[in-house]
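**Student:** So that we are looking at the same thing, I have put the structure below in structure tokens.
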């Protein structure tokens, strides 16, 4: 009797383990489209939206799609005015590395705006599509300095500063900028601008003379950008998707795959909403070096 009871327990235990293994496998195979055991090839859509202030979470999603055997190609939909310099550079480099190391085509579809850092990031892709009315370009760098000195004089408030060397408080909002500080910041901006121009020239095959004409911070419509060689084609998201499907060798009606939506706290949602209304409002830095459209 005891042996029969033990045998039944072993059968129950094995059955439970098998069920758990199946559930774990199903969960591991589940993507954002909530489908299991579906091996149909598809296009992964990776949005790049809003001000670019970080890069690693976005790059992590790109790498996940690269490892996914169901993904035949990547479509990056950009709707961004740009943002901080380093994250914009990192996203560009990640896209470029993907382009060179993976056998999956990677395309960009520009939405309402893909300017400055948003355009910089797009340069890493195999092909760039823009709507006719997309605002893009804005090839340049900007640093903005708030100045409170006049207001402080009226109110009768001052700021005492103890610093190690001359440039330690360069850009302080509590006093006017000196000529030496202005030259110092101009050197920074000029160097970062040169980095931007070099990437545009290399990726788009634009010579130095034309770069001087195109790289003065101007914003272009998608149609103007195409005429100047800044993008590869004028087309909608659907146009980009269909072309990418053909290049990837899958049917044009293949499904799309989006990243899973992360769970966001109320504070995260509040910061994102405020950031959209007042870019940089929550930044701890008073001065930021940015590839960003200035409005």
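In our numbering, the protein residues as written are 34 to 328. Note that CB positions come from ideal geometry on N, CA and C, so glycine has one too. These figures come from a predicted structure and were not determined experimentally.
If the criterion is Cβ atoms closer than 7 Å, does the pair residue 232 and residue 176 meet it?
**Tutor:** Position 199 of the chain shown, counted from the first residue, corresponds to residue 232. Position 143 of the chain shown, counted from the first residue, corresponds to residue 176. Cβ atoms of residue 232 and residue 176: not closer than 7 Å.
**Student:** Can you name the start and end residues of the alpha helix (DSSP H) that residue 212 belongs to?
**Tutor:** Residue mapping note: residue 212 aligns to position 179 of the chain shown, counting from 1. Run containing residue 212: 212-237, per the alpha helix (DSSP H) assignment.
**Student:** Using DSSP with H/G/I as helix, E/B as strand and the rest coil, what is residue 172?
**Tutor:** Taking the first residue of the chain shown as position 1, residue 172 is located at position 139. Residue 172: coil per DSSP, three-state reduction.
**Student:** For residue 205, I'd like the list of residues in its chain whose CB is within less than 6 Å of its CB, leaving aside the five on either flank, ordered along the chain.
**Tutor:** Along the chain shown, one-based indexing puts residue 205 at 172. None.
**Student:** Quickly, what does DSSP pair residue 290 with across the bridge? List them, please.
**Tutor:** On the chain shown, position 257 is the one that residue 290 refers to. For residue 290, which the question treats as bridged, DSSP gives the partners 77.
**Student:** Count Cβ pairs between the region 132-151 and the region 178-186 that sit closer than 8 Å; are there 3 or more?
**Tutor:** The region 132-151 vs the region 178-186: no contact.
**Student:** Would you mind sorting residue 66 into buried or exposed? The rule is 16 or more other CB atoms within 10 Å of its CB.
**Tutor:** Numbered from its first residue, the chain shown carries residue 66 at position 33. Annotation note: pLDDT 48 at residue 66 (below 50); position unreliable, coordinate value reported separately. Classification for residue 66: exposed.
**Student:** By DSSP's criteria, residue 143 is part of a beta bridge. Which residues make up the other side?
**Tutor:** Residue mapping note: residue 143 aligns to position 110 of the chain shown, counting from 1. DSSP output for residue 143 lists 111, 163 as bridge partner(s).
**Student:** Exposed or buried, which one is residue 90 when buried takes at least 16 other CB atoms within 10 Å?
**Tutor:** By 1-based counting over the chain shown, the position of residue 90 is 57. By the 10 Å Cβ count, residue 90 comes out exposed.
**Student:** Taking the C-alpha atoms as reference points, what is the distance between residue 323 and residue 210?
**Tutor:** Position 290 of the chain shown, counted from the first residue, corresponds to residue 323. Position 177 of the chain shown, counted from the first residue, corresponds to residue 210. Their backbone Cα atoms lie some 19 Å apart in a straight line.
**Student:** So, using beta-carbon positions, are residue 167 and residue 152 closer together than 7 Å?
**Tutor:** In the chain shown, residue 167 corresponds to position 134, counting from 1. In the chain shown, residue 152 corresponds to position 119, counting from 1. The answer is no: Cβ separation not under 7 Å.
**Student:** So for residue 158, helix, strand or coil by DSSP?
**Tutor:** Position 125 of the chain shown holds residue 158. Coil.
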